[in-house]
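Structure first, commentary second.
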Amino acid sequence: AQKVTQAQTEISVVEKEDVTLDCVYETRDTTYYLFWYKQPPSGELVFLIRRNSFDEQNEISGRYSWNFQKSTSSFNFTITASQVVDSAVYFCALSEASSNNNDMRFGAGTRLTVKP
Amino acid sequence: ETGVTQTPRHLVMGMTNKKSLKCEQHLGHNAMYWYKQSAKKPLELMFVYSLEERVENNSVPSRFSPECPNSSHLFLHLHTLQPEDSALYLCASSQTGTGIYEQYFGPGTRLTVT
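This is how it looks when you write it as structure tokens:
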């Protein structure tokens, strides 16, 4: 069964600090997809990234970067030079290719607070 | 702008009421989803519709009844709810086909059952 663990329930940093959000997953599939979503106080989940299991190349998008390590089943998310607007709950999710229904399993989320 | 809208944004209803949540997507997707987000639980997938057919029902109580009249619209009909059904209900849509696609979410309906 697929499972996603986000061990950090809450993180608080001061603006301009770097912060890494951890995500560890479990799956028996060899083909799967990993996602990160941001949920600001408004409630809507905002898609950030999708990565498939065959692409271990790390990705950088502005201040955001993702580190995919199959050897440790982790897909960590780093925000560089954090800003107050980064305050939100961040969710990691996993979807197995064997799922016919695009079924995503979400972690419990990490609440990030960035203080000015 | 996500292209997925939900109405109403907030709803308060008694346990004997009947109400409906509405979701509309403007992204040309052909799969739609209902999720429940409670305060102390991870996001729970409730229903999946693909090409307007229900393909998954994750053991959701019958007091929740989904309807997908076309690929752009999704409803969740509510009746005789319980206080523990109070939660944020999120709608999402995605492409379907070979591979797995990201889902795009609406802003949610905050439901309070009194």
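Same order as they appear, the protein sequences are chains E and F. Residue 45 in our numbering is what sits at position 45 of the first sequence, and the numbering runs on without skipping anything. Start counting at 1 in the second sequence, then tack on 1000, and there's your number in our numbering. Where is the CB? At the ideal position from N, CA and C, for every residue including glycine.
Exercise. Three-state secondary structure (DSSP) at S1072/F?
Worked result: For the purposes of this step, residue 1072/F is taken as residue 72 along the second sequence, with counting starting at 1. S1072/F: coil per DSSP, three-state reduction.
Problem set entry | Per-residue contacts from Y1025/F into chain E (C-beta, under 8 Å) | Within the second sequence, residue 1025/F is the residue found at index 25, counting from 1. In the sequence under discussion, the amino acid at residue 1025/F is Gln, which differs from the Tyr named in the question. Per Cβ cutoff of 8 Å: no residues; Q1025/F is ~13 Å from chain E at best.
Exercise. Among the residues of its own chain, which have a CB less than 6 Å from the CB of K16/E, if the five just before and after it don't count?
Worked result: Walking along the first sequence from the start, residue 16/E turns up at place 16. Excluding positions up to five away in sequence, the list reads A81.
Exercise. Do S73/E and Y25/E have their C-beta atoms closer together than 7 Å?
Worked result: Translated into the one-based positions of the first sequence, residue 73/E becomes position 73. Translated into the one-based positions of the first sequence, residue 25/E becomes position 25. Result yes, Cβ atoms of S73/E and Y25/E sit closer than 7 Å.
Exercise. So, is the C-beta of S167/E closer than 7 Å to a C-beta in chain F?
Worked result: Nothing can be reported for residue 167/E: it is not among the residues displayed for chain E, which extend from 1 to 116.
Exercise. In or out: H1029/F buried (at least 16 other Cβ within 10 Å) or exposed?
Worked result: Residue 1029/F sits at position 29 when you count from the first residue of the second sequence. Answer is buried; the Cβ neighbour count reaches 16.
Problem set entry | Cβ of Y131/E within 7 Å of any chain F Cβ | The requested residue 131/E is not part of the displayed model; chain E covers only 1 to 116.
Exercise. According to the Cβ coordinates, are R1054/F and H1079/F closer than 7 Å?
Worked result: To locate residue 1054/F, count along the second sequence from 1; it is residue 54. To locate residue 1079/F, count along the second sequence from 1; it is residue 79. Between R1054/F and H1079/F, the gap from beta carbon to beta carbon reaches 7 Å or more.
For this session: Give me the Cβ distance between G107/E and T5/E, rounded to the nearest whole Å; I'm assuming they're in contact under 8 Å.
Result: Taking the first residue of the first sequence as 1, we reach residue 107/E at position 107. Taking the first residue of the first sequence as 1, we reach residue 5/E at position 5. Indeed, because the Cβ distance is near 6 Å, the residues count as touching under 8 Å.
Exercise. Measuring CB to CB, does S98/E end up less than 7 Å from D29/E?
Worked result: In the first sequence, counting from the first residue as 1, residue 98/E sits at position 98. In the first sequence, counting from the first residue as 1, residue 29/E sits at position 29. Going by C-beta atoms, S98/E is nearer than 7 Å to D29/E.
Exercise. Are the Cβ atoms of F35/E and A88/E separated by less than 7 Å?
Worked result: Position 35 of the first sequence, counted from the start, is the residue given in the question as residue 35/E. Position 88 of the first sequence, counted from the start, is the residue given in the question as residue 88/E. No, these two residues do not count as a Cβ contact at 7 Å.
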